[in-house]
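Take a look at the structure below.
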Amino acid sequence: MNRGSTSSVARAEDHFERLARLLELESRAEAEQAVQRARKLSPAKAEATGNSLVDLVIADESSGLGGRILLRLAKRQQGLRLPWHRLSVGTPVLLSGEGVPPSPGRRGIVSDRTEGSIEVAFDSMPADADEPDTWRLDLSYDEIARLRQRAALQQAQTARGNRLAELRKVLLGERAAEFARPTEIEPLNASLNTSQRQAVEFALTARDIALVHGPPGTGKTTAVVELIRQAVRRGEKVLACAPSNLGVDNLLERLAAAGERVVRLGHPARVLPELRERTLDLLVENHPDVRLARKLVREALQWRRKAARYTRAKPQKGAKREMRAEAGALLADARRLEKAAVAGILDAADVLCATTTGLDNELLGERKFHLSIIDEACQSTEPGCWLPLLRAERAVLAGD
């Protein structure tokens with residue numbers, strides 16, 4: 083390795099290590115804030131901030147989209163309304179048992195709320211060794227998104243001899259981006275103006291990366307949707323992202339209206355209600371292989387209820403644990419059926435839509451895309467942008 087390439091690698095390592103340190107500092111600061119809130123505030127004062135709900139009981143439990151467990155919580159005093167709070171639909175929360183010592187808690191997502199109750203979706207059953215009489219919900223920072231960004235930075239930093247390594251060189255200014263000879267397109271959207279058409283034609287020539295820039299209100303998203311549709315007509319698979327759920331839903335709505343085969347990734351609770359039929363979760367629910375999976379989930383819930391009744395009636399060492407283990411085994415079988423259904427749906431889609439930090443490696447596996455697009459790119463952080471870039475043959479960033 084010559085001196086130039088050695089210094090180039092060193093600069094790249096410094097760049098990514100600095101970003102990783104900043105993510106770590108952010109994580110520590112948020113964790114410390116959460117600890118301080120827990121230490122300083124009584125349950126009543128914590129609830130008064132709007133970031134917590136205390137003295138809750140489980141009013142109902144059911145199965146939801148994607149095999150998730152839905153717990154509906156209400157105040158222990160029957161009929162009591164919930165106080166004002168910030169735990170809106172789509173908010174990450176931490177459910178923990180009240181008492182001494184407090185339980186470690188389980189992360190979930192608020193999926194519904196009413197005046198008297200709040201529903202939380204969990205990937206698996208939140209169960210303590212000794213189920214508490216009352217529970218509390220606390221606003222949680224999104225550590226999963228941060229962990230994904232850290233992993234993306236590590237992967238980008240260590241890439242060698244592959245397409246990601248080449249894109250990294252371009253993005254860090256070590257190599258000039260390359261473009262093919264421009265060609266005129268036949269717009270699929272007849273209302274495109276000249277600047278929008280030129281932006282699409284320019285982006286289609288990119289062999290590495292292209293930027294689509296324009297002030298607010300100039301029709302960038304319209305151009306992005308046209309670009310996606312043109313790429314699909316060329317037989318390409320497209321990953322369409324934005325940093326916000328609203329931005330992703332905007333792309334999804336337009337692509338669906340145009341008749342594209344598009345699937346929305348992410349928690350259904352964070353998707354606009356009128357677009358949820360396009361979410362992976364709902365598409366999976368309607369898949370034939372998942373009917374049996376739903377039956378297994380219902381059986382698992384029955385085992386959980388049986389365990390609770392058995393424990394209260396006549397305690398016996400290990401019985402409750404065995405029943406919960408049976409419930410866990412049934413859920414594992416259900417997830418295996420779902421995994422096959424998910425793979426089929428993802429492979430059949432021409433476009434996948436997701437937030438930049440909503441890309442799940444476990445879900446997507448080794449899938450790559452001919453084109454990764456980040457709309458509203460100026461509203462994203464660099465670590466967030468690397469998640470879709472990892473999977474790209476080439477990329478387009480649009481923003482103001």
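Take 83 as the starting number for the sequence shown in the working numbering and just add one per residue. We put the CB at the ideal spot given by N, CA and C, even for glycine.
(request) Let me know the secondary structure DSSP gives residue 471 once reduced to three states. (result) Here residue 471 corresponds to residue number 389 of the sequence shown, with the count starting at 1. Three-state result, residue 471: helix.
(message) Just to confirm the assignment: which complete beta strand (DSSP E) runs, minimum length 3, are found wholly within the region 338-377?
(response) 344-346
(message) Can you look up residue 251 in the DSSP assignment and give me helix, strand or coil?
(response) Stepping through the sequence shown from its first residue, residue 251 is reached at position 169. Three-state DSSP puts residue 251 in a helix.
(request) Tell me residue 221's beta-bridge partners as DSSP assigns them. (result) In the sequence shown, counting from the first residue as 1, residue 221 sits at position 139. Paired residue(s): 175.
(message) When you compare the region 185-205 with the region 151-158, are there three or more beta-carbon pairs, one atom per stretch, that lie closer than 8 Å?
(response) yes
(request) For the beta strand (DSSP E) holding residue 153, just list the boundary residues, first then last. (result) Here residue 153 corresponds to residue number 71 of the sequence shown, with the count starting at 1. Here the beta strand (DSSP E) through residue 153 covers 151-157.
(message) Assuming contact is defined by CB atoms lying nearer than 8 Å, are residue 293 and residue 479 in contact in what I supplied?
(response) Along the sequence shown, read from residue 1 onward, the residue named residue 293 stands at position 211. Along the sequence shown, read from residue 1 onward, the residue named residue 479 stands at position 397. Contact: yes.
(message) Are the CB atoms of residue 279 and residue 307 within a distance shorter than 8 Å?
(response) In the sequence shown, counting from the first residue as 1, residue 307 sits at position 225. In the sequence shown, counting from the first residue as 1, residue 279 sits at position 197. In this structure, residue 279 does not lie closer than 8 Å to residue 307 by Cβ.
(message) So residue 365 and residue 358 are supposed to be a Cβ contact under 8 Å. How far apart are they, rounded?
(response) Here the question's residue 365 lines up with position 283 in the sequence shown. Here the question's residue 358 lines up with position 276 in the sequence shown. So it is not a contact: roughly 10 Å between Cβ atoms.
(message) So the candidates are 111, 178, 94; which of them puts its Cα closest to the Cα of residue 39?
(response) In the structure as shown, the chain begins at 83 and stops at 482. Residue 39 is therefore absent and cannot be evaluated.
(message) To the nearest angstrom, how far is the alpha carbon of residue 361 from that of residue 428?
(response) Residue numbering aside, residue 361 sits at position 279 when the sequence shown is read from its first letter. Residue numbering aside, residue 428 sits at position 346 when the sequence shown is read from its first letter. Their backbone Cα atoms lie some 11 Å apart in a straight line.
(request) Helix, strand or coil for residue 463, going by three-state DSSP, please let me know. (result) Along the sequence shown, one-based indexing puts residue 463 at 381. Residue 463 falls in the coil class under three-state DSSP.
(request) Excluding the 5 residues preceding and the 5 following residue 141 in the sequence, name in chain order all residues of the same chain whose CB lies nearer than 8 Å to its CB. (result) For the purposes of this step, residue 141 is identified with residue 59 of the sequence shown, where counting begins at 1. Taken in chain order, the residues that qualify are 154, 155, 156, 199.
(request) Count the other CB atoms, across all protein chains shown, that sit within 10 Å of the CB of residue 211; report buried if there are 16 or more and exposed otherwise. (result) Taking the sequence shown and counting its residues from 1, the one referred to as residue 211 is at position 129. Caution is warranted here: a pLDDT of 42 is assigned to residue 211, below 50, making its placement in the model unreliable, and no coordinate value can be reported.
(message) To the nearest angstrom, how far is the alpha carbon of residue 324 from that of residue 453?
(response) As a position in the sequence shown, residue 324 is number 242, starting the count at 1. As a position in the sequence shown, residue 453 is number 371, starting the count at 1. Near 14 Å, if we compare the C-alpha coordinates of residue 453 and residue 324.
(message) Ignoring anything shorter than 4 residues, give me the alpha helix (DSSP H) runs that lie fully in the region 104-138, in order along the chain.
(response) Here the runs fully enclosed are 125-130.
(message) Please state the DSSP three-state secondary structure of residue 301.
(response) Mapped onto the sequence shown, residue 301 falls at position 219. Residue state, collapsed to three classes: coil.
(message) Can you list, in chain order, the residues of its chain with a C-beta nearer than 7 Å to that of residue 467? Leave out the 5 residues immediately preceding and following it.
(response) Locating residue 467 in the sequence shown gives position 385, where the first residue counts as 1. For residue 467, where only same-chain residues beyond five positions count, the Cβ hits under 7 Å are 438, 456, 459.
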